[in-house]
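Chains as they are written, first to last, in UniProt numbering: chain A, 1 to 401; chain B, 1 to 401; chain C, 1 to 401; chain D, 1 to 401.
There are 4 protein chains.
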Amino acid sequence: MPSATALKQAREPKPLPAPNADFYQIEDTLSAEERAILTKVHDFMETRVAPIINDYWVRDAFPFELIEPLKELNIGGLNVGDYSSRLKGLVAMEMSRVDPSFTTFFGVHTGLAMGTIALLGSEEQRQKWLPPMARLEMIGCFGLTEPLVGSGTGGGLLTTAKREGDTWILNGEKKWIGNAPWCDVSIIWARDLDDNQVKGFIVENKTTPGFSVAKIENKMALKVVQNGLITMKGCRVPEANRLQNANSFRDTAHVLRETRSGVGWMSTGVQMGAYEAAVKYTQQRIQFGKPIASFQMIQDLIAKMLANVTACQALMFRLEELHGEGKLLDQHASLAKAFTTQRMRETVAWAREVHGANGIIVDNNVGRLFADAEALYSYEGTFQMQNLIVGKAATGISAFV
Amino acid sequence: MPSATALKQAREPKPLPAPNADFYQIEDTLSAEERAILTKVHDFMETRVAPIINDYWVRDAFPFELIEPLKELNIGGLNVGDYSSRLKGLVAMEMSRVDPSFTTFFGVHTGLAMGTIALLGSEEQRQKWLPPMARLEMIGCFGLTEPLVGSGTGGGLLTTAKREGDTWILNGEKKWIGNAPWCDVSIIWARDLDDNQVKGFIVENKTTPGFSVAKIENKMALKVVQNGLITMKGCRVPEANRLQNANSFRDTAHVLRETRSGVGWMSTGVQMGAYEAAVKYTQQRIQFGKPIASFQMIQDLIAKMLANVTACQALMFRLEELHGEGKLLDQHASLAKAFTTQRMRETVAWAREVHGANGIIVDNNVGRLFADAEALYSYEGTFQMQNLIVGKAATGISAFV
Amino acid sequence: MPSATALKQAREPKPLPAPNADFYQIEDTLSAEERAILTKVHDFMETRVAPIINDYWVRDAFPFELIEPLKELNIGGLNVGDYSSRLKGLVAMEMSRVDPSFTTFFGVHTGLAMGTIALLGSEEQRQKWLPPMARLEMIGCFGLTEPLVGSGTGGGLLTTAKREGDTWILNGEKKWIGNAPWCDVSIIWARDLDDNQVKGFIVENKTTPGFSVAKIENKMALKVVQNGLITMKGCRVPEANRLQNANSFRDTAHVLRETRSGVGWMSTGVQMGAYEAAVKYTQQRIQFGKPIASFQMIQDLIAKMLANVTACQALMFRLEELHGEGKLLDQHASLAKAFTTQRMRETVAWAREVHGANGIIVDNNVGRLFADAEALYSYEGTFQMQNLIVGKAATGISAFV
Amino acid sequence: MPSATALKQAREPKPLPAPNADFYQIEDTLSAEERAILTKVHDFMETRVAPIINDYWVRDAFPFELIEPLKELNIGGLNVGDYSSRLKGLVAMEMSRVDPSFTTFFGVHTGLAMGTIALLGSEEQRQKWLPPMARLEMIGCFGLTEPLVGSGTGGGLLTTAKREGDTWILNGEKKWIGNAPWCDVSIIWARDLDDNQVKGFIVENKTTPGFSVAKIENKMALKVVQNGLITMKGCRVPEANRLQNANSFRDTAHVLRETRSGVGWMSTGVQMGAYEAAVKYTQQRIQFGKPIASFQMIQDLIAKMLANVTACQALMFRLEELHGEGKLLDQHASLAKAFTTQRMRETVAWAREVHGANGIIVDNNVGRLFADAEALYSYEGTFQMQNLIVGKAATGISAFV
């Protein structure tokens with residue numbers, strides 16, 4: 001005769017497994033120390049960001065309330081610190097699993113702004129700017145893209161710099177600059193009217209006359225990130241704020257290569273978030289008397305989502321191995337950016353789709369990721385530009401100039 | 001020696017052609033009289049709706065200011081009038097070319113609400129309700145879908161009706177009901193507790209105690225349409241407001257079949273709008289010194305968009321011929337809904353893509369259509385449900401019950 | 001007590017419906033007279049071609065045994081006769097449903113070869129050549145494509161013609177010419193060395209010295225069609241065999257436009273054949289104790305196949321309406337060729353897929369169609385060329401010269 | 001004044017780079033010793049197999065002439081030897097880059113047949129059978145799939161075994177068995193009529209009465225592999241030939257898991273071969289006066305192919321790390337099989353496509369890979385079965401029983 005416990009177990013079916021988007025256990029390959037950092041980020045995103053982010057997104061607003069708790073994580077120096085590039089990538093992935101806007105804010109500051117100073121600044125500049133930025137007391141942005149010149153297309157910058165004694169005069173516009181409407185300091189790229197070379201400058205947003213930022217309104221993606229149209233009219237910047245080791249447009253390429261890798265990780269994370277939301281929803285949503293996860297057509301989408309997620313993780317994982325060995329080339333990063341964003345578009349569409357009409361309500365988490373994916377797909381060089389960069393490397397022929 | 005005119009012409013290159021999304025000239029197949037109606041709608045959408053709709057979309061608001069000018073078009077009776085079904089479809093397509101939210105508002109009122117009364121009401125009911133509704137003095141909605149019962153899945157309604165003398169008592173919830181938060185009259189479907197058959201009722205929203213509507217907030221698609229969650233607690237409706245010729249759930253099928261065809265036309269129109277925006281943008285946007293429309297990769301997307309548009313038009317065109325001959329079956333409409341919405345997803349994604357980062361700013365017209373497409377893809381029966389309806393007809397075997 | 005009949009019916013379940021790939025009843029739009037011709041072709045394909053064609057395909061051989069019975073159908077003059085262009089298209093579709101190689105043989109002869117003579121020959125030439133060709137006593141081919149010049153790319157022919165008195169001397173090569181290895185007469189396009197214009201010639205294969213044809217071996221698609229590499233070394237052709245109304249390369253465009261429409265119909269027909277094979281197989285193949293047509297994942301593919309088929313039919317249907325009204329332009333035909341072949345690739349892959357491993361055995365009918373589709377996809381102008389032709393019409397900018 | 005050398009260099013443009021399908025340098029991660037083995041295999045495939053394989057494929061014939069030179073490579077024991085699973089995978093990938101039929105022959109023998117004996121045989125059985133098989137003096141096959149029971153569907157075998165003393169009597173059919181029509185020894189799986197468990201047997205093809213094999217004819221994929229329909233009528237097999245450690249159907253799962261991983265590597269290799277053929281062709285094929293590799297539409301396909309290749313390599317690379325750590329589960333292998341074969345279908349279609357009509361001539365190398373891909377896509381469990389296995393793991397719900 002079965003025991004009371006056995007009977008109870010029979011009546012209460014085994015609970016369904018929680019979704020797990022790390023199917024090939026990529027995160028387990030970190031050292032214990034780095035794993036702990038990743039877990040810390042994961043928990044922060046789940047407990048602090050996830051509960052409030054949909055509301056900010058709907059209102060096109062940035063959650064300044066998160067900056068104080070973020071300081072406590074002590075990860076502001078991550079991207080310029082002595083960590084594995086795998087950890088840096090996985091942190092971007094984990095953040096984006098919950099909110100790619102947050103990753104963008106964080107990446108623009110710690111990767112693009114701080115990363116540029118670390119890479120192309122003088123020792124003095126590094127000493128001056130990096131510590132307060134790492135403590136998030138001062139937030140940065142990165143001004144390369146212009147209204148008429150996409151970041152992926154290279155060269156042709158219209159913003160100018162003209163030296164007058166120990167001062168540089170900057171004139172021009174920068175568009176789409178994340179964090180710009182509210183942050184403290186901007187890396188600005190401009191063409192020197194004298195030698196026609198592209199140079200980089202550290203500009204203090206709030207104290208530089210002639211420097212103004214208009215917030216870009218009415219976005220339908222990455223709505224949490226505040227993007228700005230920067231206008232510089234005769235901005236005066238001291239020579240001490242010129243990046244001392246940035247001597248040509250080519251020097252921005254180092255930064256962009258890492259940025260494109262970063263978008264690869266973000267696109268992977270977005271897929272993970274969308275996948276997990278989809279699994280949960282389909283385990284709970286009942287139609288025809290059973291969870292819709294029981295239907296083959298739904299499982300087909302679930303399985304294909306997970307395959308996309310896993311392939312992107314594996315691709316980025318191998319990319320970081322190359323990166324760690326100093327072998328990362330532009331075309332490697334372009335391929336990763338193109339592939340992961342293409343798969344992401346597919347994955348988020350499937351995830352939204354299994355939610356039916358409920359998938360268009362932002363509160364259900366997937367609509368936001370679906371929309372945000374479009375920004376990732378297009379920024380840091382469009383799908384077409386990435387493919388042309390890869391195509392040139394593959395065939396030896398350029399098809400874009 | 002060339003004349004001054006010739007020199008001028010040489011300097012001013014031939015202007016690029018305006019985009020034309022009616023590549024196979026479907027609209028030319030209308031009679032002159034019907035063509036005039038379509039042109040009137042086209043002009044209204046271009047001159048009245050297009051200039052203001054992005055702003056309403058961003059604010060999740062409905063443009064009530066358009067109702068007065070819409071009255072002047074005198075098309076409120078279109079869907080119950082003696083017009084060709086081709087015209088009705090092409091009007092939905094033309095409206096959706098500019099704004100599918102507007103088509104949804106219009107279709108819910110003139111097609112679902114008025115159409116149901118025309119089809120399933122008594123002569124007396126038709127006389128009473130249709131004229132003021134045709135004059136847009138009274139706006140209607142259609143309450144079938146419930147929180148736990150999708151419109152595509154059939155049967156199983158949880159809303160109940162109980163007759164007490166000449167009064168019916170309604171209890172239950174209806175979800176996703178377009179126009180409901182502000183309109184005047186609702187068609188409500190409920191299961192009669194006595195005979196277990198589904199019956200339809202005309203409910204006056206604003207004067208029926210126990211009838212309340214909560215607006216569904218935080219949508220990321222069709223944001224202009226106001227959708228409601230209707231709650232009915234002991235609503236009392238006179239027998240005179242019961243649709244006299246609606247005797248079972250099967251009677252809703254007539255209405256839904258036409259609705260699904262309608263979504264087919266809308267999805268075609270959305271693609272046309274996205275396509276035309278894309279052509280215009282790529283003719284104007286300069287990269288590497290020339291319009292991006294000059295690049296093969298862009299033309300590839302343009303051509304594939306136009307092929308999608310044209311195939312959807314042709315499919316709907318043939319569907320309406322069947323319709324006109326009284327041969328339209330559920331599975332025909334399901335195939336059209338599934339095919340056109342699938343192609344639409346592809347088309348709007350390509351259109352958004354060629355806009356690069358500018359495509360995520362709603363002001364550029366394409367981001368809104370990209371997002372709205374998701375609602376069309378999922379409502380009136382998901383892609384999966386449509387395919388299962390077609391699959392059952394094709395194989396003789398049901399895979400969903 | 002149930003009757004014996006009732007019991008018998010209960011035991012014998014209703015047979016599953018036969019597959020029907022004309023879901024929107026396009027064929028019913030023909031006149032009764034034309035419908036009878038179509039039915040005759042349908043029956044011929046089913047009873048004469050289908051039973052033997054797989055075997056010929058495997059052996060790369062042409063079924064000459066079918067020419068006698070084909071003569072009895074009396075349709076050799078179809079494409080130059082006074083029939084609706086819809087009928088001509090539907091005949092190509094019905095033939096291709098069973099075997100696109102057979103349609104190719106028939107189309108090259110009756111459409112390309114006879115069609116060119118009808119369109120560009122003198123009255124005398126028409127009188128001389130068309131009657132025996134219509135009786136299939138003399139079979140023709142069409143020599144435009146060259147080893148280095150694809151048919152889709154226009155101009156640049158390397159084959160030359162040089163007039164000497166009343167004789168023309170032809171030199172050059174033509175590649176991929178269907179029927180050429182065995183047929184009687186070839187339409188050859190060559191560039192006149194004197195005026196640099198492209199002219200057309202009727203060449204008698206078997207009696208013209210210097211005219212030789214090598215069969216193209218080792219094809220993996222359309223294996224039943226015999227394609228030839230024609231070599232002309234000093235071939236002498238009388239002025240009487242020069243097409244009297246063909247004065248430039250532009251004149252071949254009329255022919256190619258119709259050919260591309262024809263490939264649209266063929267690609268539609270191939271999909272119908274693949275779809276019907278798939279439905280039949282999935283109704284019969286048992287896994288997990290039931291027909292695999294019971295599984296949602298299979299129905300998903302079935303429904304999407306049928307949607308592709310129906311959309312292609314509807315597109316071609318509308319194209320022929322334009323054609324009949326004299327409004328068919330190159331870009332219309334290019335769009336149709338590109339769209340239908342793209343959908344075909346999808347459809348035949350799904351059809352092969354539902355057959356599992358059995359789908360790679362040619363005897364199961366679907367592997368042949370899967371492979372043949374590749375030839376249709378690439379011939380008469382690649383997908384890329386068609387899209388560039390459409391893209392040029394759509395944007396006003398050429399991206400290929 | 002420029003030197004003669006400089007002038008000469010200017011006139012002779014830099015040669016285009018050779019295609020390289022190992023974009024993320026996966027092969028460089030092997031140890032030097034294992035890298036040498038891989039190089040040996042690579043060279044064998046390029047110099048011995050590539051030059052003759054198209055001809056065998058066209059004729060549905062197996063290249064027995066290659067067995068002697070293959071013996072000299074001394075790799076017959078690879079899959080049961082003490083090598084990294086990464087090497088085993090990369091060898092399958094390298095072989096399939098040139099010919100997946102050859103990999104199938106080799107994998108069936110060294111992986112399925114030898115692997116089963118190594119895993120489930122007794123020490124005595126291993127000693128007896130493995131050495132001659134490793135020397136390729138005796139070739140094996142693997143009989144699991146039956147006409148009515150696919151390998152992916154599990155259980156339900158209809159082949160029976162009945163013990164009589166020290167002899168087993170086998171009856172039944174096995175379908176699709178690679179190598180069977182000519183090889184020496186077969187692993188046969190059958191259901192024991194006494195205990196209903198599945199057991200495995202080593203059957204000597206040529207000396208066992210009642211054992212017959214019919215070659216499966218008319219394949220359109222993997223034509224080089226000879227597949228057989230094995231019929232067993234009262235075959236008598238000694239108890240000594242029963243696999244001593246195979247006690248249930250579950251024991252075949254170990255073997256199948258590795259087989260599915262193997263198909264993942266093969267599908268990756270097939271893509272590499274197709275990609276490299278495509279790059280070469282597009283660098284050489286001239287249209288509009290330049291290599292077609294110059295056109296954006298072609299580079300788009302090249303870049304997407306390379307992204308597919310690289311993602312599949314990275315996925316398999318990570319899978320093998322899990323494998324090496326003993327963490328490989330069925331669902332991991334199923335995901336890899338599904339993902340890589342799906343991407344392969346895309347890649348080979350693009351590769352064939354850039355070849356235009358020339359892509360359907362087998363001699364150009366790509367048509368064969370295009371066709372072969374279909375077998376890989378369907379064997380060892382269809383795409384649908386793999387997705388259902390993944391879907392079950394992901395959601396906790398089985399949708400296939």
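Even for Gly, the Cβ is constructed at its ideal location relative to N, Cα and C.
Name the residue from I117(A), E123(A), E146(A) whose alpha carbon lies nearest to the alpha carbon of I139(A). Here residue 139(A) corresponds to residue number 139 of the first sequence, with the count starting at 1. With distances taken between Cα atoms, I139(A) lies closest to I117(A).
For T29(B), which residues of its own chain have a beta-carbon under 8 Å away from its beta-carbon, when the five flanking residues on both sides are left out? Here residue 29(B) is taken as the residue at index 29 of the second sequence, counted from 1. R86, F317.
Own chain, CB closer than 8 Å to V41(C), minus 5 neighbours either side, in chain order: Mapped onto the third sequence, residue 41(C) falls at position 41. Excluding sequence neighbours, V41(C) sits near L73, I75, V91, E94, M95.
Contained alpha helix (DSSP H) runs [length at least 4] in the stretch 74-158 of chain A, N- to C-terminal order: Correct list: 85-98, 100-107, 114-120, 123-134.
So with CB distances below 7 Å, who are the chain A contacts of T296(C)? Sequence index remark: in the third sequence, residue 296(C) carries index 296 (1-based). In the sequence as displayed, the identity of residue 296(C) is Gln instead of Thr. What Q296(C) touches in chain A: F295, Q296, M297.
DSSP state of P17(B) mapped onto helix, strand, coil: Residue 17(B) sits at position 17 when you count from the first residue of the second sequence. Reduced to three states, the DSSP call for P17(B) is coil.
Which one of N54(B), N79(B), K206(B), C312(B) has the shortest CA to CA distance from M232(B)? Translated into positions along the second sequence, residue 232(B) becomes position 232. Considering only alpha carbons, the answer is K206(B).
Cα-Cα separation, P190(A) to S101(D): As a first step, residue 190(A) must be located in the first sequence, where it is residue number 190. As a first step, residue 101(D) must be located in the fourth sequence, where it is residue number 101. Looking at the sequence provided, one finds Ala at residue 190(A) rather than Pro. Using only the alpha carbons, I get a separation of about 57 Å.
Can a CB atom of chain D be found closer than 8 Å to the CB of R48(C)? Counting from one through the third sequence, the residue named residue 48(C) turns up at place 48. No, no contact with chain D.
Between which residues of its own chain and Q296(C) is the CB-CB distance below 6 Å, once the five residues before and five after are set aside? Taking the first residue of the third sequence as 1, we reach residue 296(C) at position 296. Once the five neighbours on either side are set aside, Q296(C) has no close Cβ partner at all.
Taking its Cβ as the centre, do 16 or more other Cβ atoms sit within 10 Å of T259(D), making it buried, or is it exposed? Residue mapping note: residue 259(D) aligns to position 259 of the fourth sequence, counting from 1. Counting Cβ neighbours within 10 Å, T259(D) comes out buried, since at least 16 surround it.
Can you tell me whether M1(B) is buried or exposed? The criterion is at least 16 other CB atoms within 10 Å of its CB, across all chains shown. Counted from its first residue, the second sequence places residue 1(B) at position 1. In this predicted model, M1(B) has a pLDDT of only 45, less than 50, meaning its place in the structure is not dependable; the value taken from the coordinates is given anyway. By the neighbour-count rule (16 or more Cβ atoms within 10 Å), M1(B) is not buried but exposed.
Relative to the C-alpha of P238(A), which candidate in Q386(A), P209(A), D300(A) has its C-alpha closest? In the first sequence, counting from the first residue as 1, residue 238(A) sits at position 238. The residue with the shortest Cα to Cα distance from P238(A) is P209(A).
When DSSP labels each residue in this structure, what does L163(A) get in the three-state scheme? Taking the first sequence and counting its residues from 1, the one referred to as residue 163(A) is at position 163. For the sequence presented, residue 163(A) should be read as Arg rather than Leu. The answer is strand: DSSP assigns R163(A) an E or B state.
Would you list the one or two residues that DSSP bridges to E204(B)? Numbered from its first residue, the second sequence carries residue 204(B) at position 204. DSSP output for E204(B) lists V185(B) as bridge partner(s).
Is the CB of A399(D) under 8 Å away from at least one CB in chain A? As a working note, residue 399(D) is residue 399 in the fourth sequence. Closer than 8 Å: yes.
Report the start-end ranges of each beta strand (DSSP E) in the stretch 185-258 of chain D that is 3 residues or longer and not cut off at the edges. As far as the stretch 185-258 of chain D is concerned, its whole beta strand (DSSP E) runs of at least 3 residues are 185-192, 198-204, 211-215, 227-238.
Would you identify the three-state DSSP class for L38(B), choosing helix, strand or coil? Counted from its first residue, the second sequence places residue 38(B) at position 38. The three-state secondary structure of L38(B), taken from DSSP, is helix.
In chain order, what are the residue ranges of uninterrupted alpha helix (DSSP H) at least 4 long that sit wholly in the stretch 353-390 of chain C? Runs of the alpha helix (DSSP H) inside the stretch 353-390 of chain C: 366-378.
Supposed contact pair F383(D) and V348(D) - C-beta distance, whole angstroms, cut 8 Å: Here residue 348(D) refers to the residue found at position 348 of the fourth sequence. Here residue 383(D) refers to the residue found at position 383 of the fourth sequence. In this structure, V348(D) and F383(D) do not form a Cβ contact; the two beta carbons are roughly 15 Å apart against a cut-off of 8 Å.
Using the C-alpha atoms, what's the distance from L70(C) back to P51(C)? One-based indexing of the third sequence puts residue 51(C) at position 51. One-based indexing of the third sequence puts residue 70(C) at position 70. Approximately 15 Å between the Cα atoms of the pair.
For the alpha helix (DSSP H) containing N179(B), name the first residue and the last one. Taking the first residue of the second sequence as 1, we reach residue 179(B) at position 179. In the DSSP assignment, N179(B) falls outside any alpha helix (DSSP H), carrying neither H nor E.
Where P63(A) falls, given that 16 or more other Cβ within 10 Å makes a residue buried: Working through the first sequence from its first residue, we reach residue 63(A) at position 63. Counting C-beta atoms within 10 angstroms of its own C-beta, P63(A) has 16 or more neighbours from the protein chains shown and is therefore classed as buried.
Grouping DSSP H, G and I as helix and E and B as strand, with all else coil, what is Q25(A)? Locating residue 25(A) in the first sequence gives position 25, where the first residue counts as 1. Coil at Q25(A), not helix or strand.
Close-in-space but distant-in-sequence residues of the same chain around N54(D) (CB under 8 Å, 5 per side omitted): As a working note, residue 54(D) is residue 54 in the fourth sequence. Closer than 8 Å at Cβ, skipping near neighbours: V362, D363, N365, R368.
By the criterion of Cβ-Cβ separation under 9 Å, what are the contact partners of S378(D) in chain C? The residue given as residue 378(D) occupies position 378 in the fourth sequence. Under the 9 Å cutoff, chain C gives R352, E353, H355, G356, A357, N358, G359, I360.
Please check if any C-beta of chain C sits within less than 8 Å of the C-beta of N218(D). Locating residue 218(D) in the fourth sequence gives position 218, where the first residue counts as 1. Under the Cβ distance rule, N218(D) counts among the residues neighbouring chain C, one pair being separated by less than 8 Å.
For the pair the stretch 172-186 of chain B and the stretch 128-145 of chain B, tell me if three or more CB-CB distances fall below 8 Å. yes
Can you say whether P19(A) is buried or exposed, counting buried as having 16 or more other CB atoms within 10 angstroms of its CB? The residue you call residue 19(A) lines up with position 19 of the first sequence. P19(A) should be labelled buried.
Could you check which residue in G381(D), K337(D), H355(D), L335(D) has the C-alpha nearest to that of G356(C)? By one-based count along the third sequence, residue 356(C) stands at place 356. For the residues G381(D), K337(D), H355(D), L335(D), the minimum Cα distance to G356(C) belongs to G381(D).
How long is the line joining the alpha carbons of K392(D) and S186(B), rounded to whole angstroms? Here residue 392(D) refers to the residue found at position 392 when the fourth sequence is read from its first residue. Here residue 186(B) refers to the residue found at position 186 when the second sequence is read from its first residue. C-alpha separation (whole angstroms): 43 Å.
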